[in-house]
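Residue numbers (our numbering): 8 to 94.
From the three backbone atoms N, C-alpha and C, an ideal C-beta is built for every residue, glycine too.
What follows is one structure encoded as structure tokens, with my remarks underneath.
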């Protein structure tokens, strides 16, 4: 089973108004996705976009203990051999 839990939602709002013959339009959209994989790593992705501005994409990952995993750090941890600690 690829995911133990999954949550997703989207929100969208827009409006326009005319004043003195000038029409103004504005809007905002956002989406968020959260899931856990088989290692109990929590993955969060979000995208928000306000009309007239650049979209903002964020992605975060948290290990099973709730600590944020920095991108690249997760790959390094998977590649490091697990050995014994000796004095």
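Spanning the alpha carbons of residue 70 and residue 51 requires a straight line of approximately 12 Å. In this structure, 72 is the residue among 16, 72 and 21 with its C-alpha nearest to the C-alpha of residue 46. In this structure, residue 20 places its C-beta atom within 8 Å of the C-beta atom of residue 35. For residue 34, the enclosing beta strand (DSSP E) starts and ends at 29-44.
Scanning 55, 33, 49 and 22 for the CA closest to the CA of residue 75 turns up 49. Annotation: the continuous beta strand (DSSP E) that includes residue 51 extends over 49-57.
A straight line joining the alpha-carbon of residue 37 with that of residue 28 spans about 30 Å.
Its Cα nearest to that of residue 66, the residue 53 stands out among 53, 14 and 58.
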